[in-house]
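S.K.:
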Amino acid sequence: MLHGIKQRDYISNYLTKGSLIGVEGSIQSRTYDDATGKKVYVQEVNVGQVTVLESRTQRQEREQQSQPHESEKPSYESGDEPTLDITSDDLPFR
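In my numbering, the protein residues as written are 216 to 309.
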């Protein structure tokens, strides 16, 4: 739960999925009964401060390093795997 408008605007404008951030705040647990009388348990994070731990450029570099290069990708056409011959008689459907 973000309390400050500036904080919400900053996060929505400058951070993207995968951004490395630090969050300080508290966790609040509460319960309530919904319209059907069922007890609902809620966990909320009350954010006090958000710290950006890496720049956009650093994030892009980290993501590029974590992706395997074309030569490192496993080849499934190598023929090293054993094959299994299946006929239509082996299948439970036709």
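Glycine included, each C-beta is placed from N, C-alpha and C at the ideal position.
(1) What residues are listed by DSSP as bridge partners for residue 233?
(2) What is the DSSP secondary structure of residue 248, counted as helix, strand or coil?
(3) Would residue 266 pass as a contact of residue 255 if the rule is Cβ separation under 8 Å?
(4) At the level of alpha carbons, what is the spacing between residue 244 and residue 258?
(5) Just reading off the beta strand (DSSP E) that residue 258 is part of, what are its end residues?
(6) Let's see if you can read the secondary structure: which residues bound the alpha helix (DSSP H) around residue 302?
(7) Check residue 241 in the structure and name its three-state DSSP category.
M.R.: Looking at the coordinates:
(1) Locating residue 233 in the sequence shown gives position 18, counting from the first residue. Partner(s): none; residue 233 has no beta bridge.
(2) Numbered from 1 along the sequence shown, position 33 holds the residue referred to as residue 248. It is a strand residue.
(3) Counting from one through the sequence shown, the residue named residue 266 turns up at place 51. Counting from one through the sequence shown, the residue named residue 255 turns up at place 40. Cβ distance not < 8 Å, so residue 266 and residue 255 don't count as in contact.
(4) Position 29 of the sequence shown, counted from the first residue, corresponds to residue 244. Position 43 of the sequence shown, counted from the first residue, corresponds to residue 258. So the alpha carbons of these two residues sit roughly 5 Å apart.
(5) Numbered from 1 along the sequence shown, position 43 holds the residue referred to as residue 258. Residues 254-267.
(6) Residue numbering aside, residue 302 sits at position 87 when the sequence shown is read from its first letter. No alpha helix (DSSP H) contains residue 302, which DSSP labels as neither H nor E.
(7) In the sequence shown, residue 241 corresponds to position 26, counting from 1. In this structure, residue 241 counts as strand in the three-state DSSP scheme.
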